[in-house]
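Sequences listed follow chains A and B, in order.
For the record, in the first sequence the residue sitting at position 22 is 100 according to the numbering used here, with numbers rising by one throughout.
For the record, in the second sequence the residue sitting at position 52 is 96 according to the numbering used here, with numbers rising by one throughout.
We treat Cβ as the ideally placed atom computed from N, Cα and C, and that holds for glycine.
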Amino acid sequence: DGGITQSPKYLFRKEGQNVTLSCEQNLNHDAMYWYRQDPGQGLRLIYYSQIVNDFQKGDIAEGYSVSREKKESFPLTVTSAQKNPTAFYLCASSLGGWGYTGELFFGEGSRLTVL
Amino acid sequence: GQQLNQSPQSMFIQEGEDVSMNCTSSSIFNTWLWYKQDPGEGPVLLIALYKAGELTSNGRLTAQFGITRKDSFLNISASIPSDVGIYFCAGQNVGNEKLTFGTGTRLTIIP
């Protein structure tokens with residue numbers, strides 16, 4: 079079945095460690111996105127990529143990094159510079175970029191807890 | 045970044061009741077989307093609206109694109125237990141910029 083796969087679903091990290099969250103899609107979508115979800119704050123955009131080998135910062139990119147070397151993959155690294163990394167992270171994709179329909183397809187999310 | 049105001053933040057209802065929620069913005073949008081998130085899952089698109097004044101239904105769900113283009117409404121009729129979750133609105137500005145999400149409305153059904 080086509081879809082978006084995020085891994086791991088749960089991740090625990092010690093302060094000062096970098097962690098990488100995986101996001102893979104087999105929908106042949108051009109654009110991919112990373113959102114952060116905190117209770118009562120909705121979804122906030124971290125990074126997005128509308129084409130391979132290109133990506134842009136979203137609203138809360140500080141302390142995060144991404145790469146887009148393949149169309150189907152868009153990993154997110156949460157670095158030690160991120161002050162409050164404990165959150166639920168959601169990856170999404172869309173057929174086109176922002177100028178398309180606006181319809182995003184989401185993965186099941188990764189919950190990161192910093193101990 | 046801009047966020048949309050959703051109201052109410054949470055709702056506690058009994059099974060069978062109708063539900064209404066709304067989303068407002070200080071900016072004009074040319075697309076409104078409504079998503080539902082089940083606990084521990086990613087959001088799933090429910091309804092998409094592309095024209096001011098548009099009224100669209102999907103089963104027991106009905107959504108409207110406000111005439112002013114600054115708001116949208118979602119109604120759920122005859123709620124059932126699987127309606128539990130968080131409902132997010134999302135808007136896309138004129139000029140096809142990035143999507144902006146609302147803060148969510150958490151729906152709980154009281155036994």
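Quiz item: Taking DSSP as the reference, what is the three-state secondary structure of ASP137 (chain A)?
Solution: Translated into the one-based positions of the first sequence, residue 137 (chain A) becomes position 59. The answer is coil: DSSP assigns ASP137 (chain A) none of H, G, I, E or B.
Practice problem: Could you tell me whether the stretch 109 to 121 of chain B touches the stretch 93 to 101 of chain B, using the rule of 3 or more Cβ pairs below 8 Å? | Solution: Touching, yes.
Quiz item: Taking 7 Å as the CB-CB limit, is GLU85 (chain B) close to chain A?
Solution: As a working note, residue 85 (chain B) is residue 41 in the second sequence. Yes - at least one Cβ of chain A is within 7 Å of the one on GLU85 (chain B).
Quiz item: Can you tell which of B:THR152, B:PRO87 and B:PHE73 has the C-alpha that lies nearest to the C-alpha of PHE132 (chain B)?
Solution: Residue numbering aside, residue 132 (chain B) sits at position 88 when the second sequence is read from its first letter. Ranking B:THR152, B:PRO87 and B:PHE73 by Cα distance to PHE132 (chain B) puts B:PRO87 first.
Practice problem: In the DSSP assignment, find the unbroken beta strand (DSSP E) run with ALA165 (chain A) in it and report its ends. | Solution: Within the first sequence, numbered from 1, the residue matching residue 165 (chain A) stands at position 87. Run containing ALA165 (chain A): 165 to 172, per the beta strand (DSSP E) assignment.
Quiz item: Thinking just about the alpha-carbon of each residue, which of A:THR191, A:ARG114, A:SER143 and A:GLU140 is nearest to the one in THR144 (chain B)?
Solution: Residue 144 (chain B) sits at position 100 when you count from the first residue of the second sequence. The shortest C-alpha separation from THR144 (chain B) is found at A:ARG114.
Self-check item: Residue range of the beta strand (DSSP E) that includes ILE91 (chain B)
Solution: Here residue 91 (chain B) corresponds to residue number 47 of the second sequence, with the count starting at 1. It spans 88 to 93 - the beta strand (DSSP E) in which ILE91 (chain B) sits, taken as one unbroken run.
Self-check item: Interface residues of the stretch 118 to 146 of chain B facing chain A [CB-CB below 8 Å]
Solution: PHE132, ALA134, GLN136, ASN140, GLU141, LYS142, LEU143, PHE145 and GLY146
Practice problem: Mind listing the chain B neighbours of GLU186 (chain A)? Cutoff is C-beta to C-beta under 7 Å, in chain order. | Solution: For this step, residue 186 (chain A) is matched to residue 108 along the first sequence. Under the 7 Å cutoff, chain B gives GLU85 and GLY86.
Quiz item: Is there at least one Cβ from chain B nearer than 7 Å to LEU193 (chain A)'s Cβ?
Solution: As a first step, residue 193 (chain A) must be located in the first sequence, where it is residue number 115. LEU193 (chain A) does not count as touching chain B.
Quiz item: Taking DSSP as the reference, what is the three-state secondary structure of SER100 (chain A)?
Solution: Taking the first sequence and counting its residues from 1, one reaches residue 100 (chain A) at position 22. If DSSP states are grouped into helix, strand and coil, SER100 (chain A) belongs with the strands.
Exercise. Please state if the CB of ARG113 (chain B) and the CB of PHE73 (chain B) are separated by a distance shorter than 7 Å.
Key: The residue given as residue 73 (chain B) occupies position 29 in the second sequence. The residue given as residue 113 (chain B) occupies position 69 in the second sequence. For PHE73 (chain B) and ARG113 (chain B), yes; Cβs fall inside 7 Å.
Quiz item: Is GLU59 (chain B) near ILE130 (chain B), with beta carbons less than 7 Å apart?
Solution: Your numbering for residue 59 (chain B) matches position 15 in the second sequence. Your numbering for residue 130 (chain B) matches position 86 in the second sequence. In this structure, ILE130 (chain B) does not lie closer than 7 Å to GLU59 (chain B) by Cβ.
Quiz item: If you drop the 5 nearest sequence neighbours on each side, which residues of the same chain put their C-beta closer than 6 Å to that of ARG91 (chain A)?
Solution: Within the first sequence, residue 91 (chain A) is the residue found at index 13, counting from 1. Answer for ARG91 (chain A): VAL97 and VAL192, listed in chain order.
Practice problem: Take the Cβ of ALA122 (chain B) as the centre, count every other Cβ of all protein chains shown within 10 Å, and call the residue buried at 16 or more, exposed below. | Solution: As a first step, residue 122 (chain B) is located in the second sequence; it is residue number 78 there, counting from the start. Burial call: exposed.
Exercise. Give the DSSP bridge partners of ASN49 (chain B), in chain order.
Key: If you number the second sequence from 1, residue 49 (chain B) lands on position 5. Note: ASN49 (chain B) sits in a beta bridge opposite B:THR68.
Practice problem: In the DSSP assignment, find the unbroken beta strand (DSSP E) run with ASN137 (chain B) in it and report its ends. | Solution: Within the second sequence, the letter at position 93 stands for residue 137 (chain B). Residues 129 to 137.
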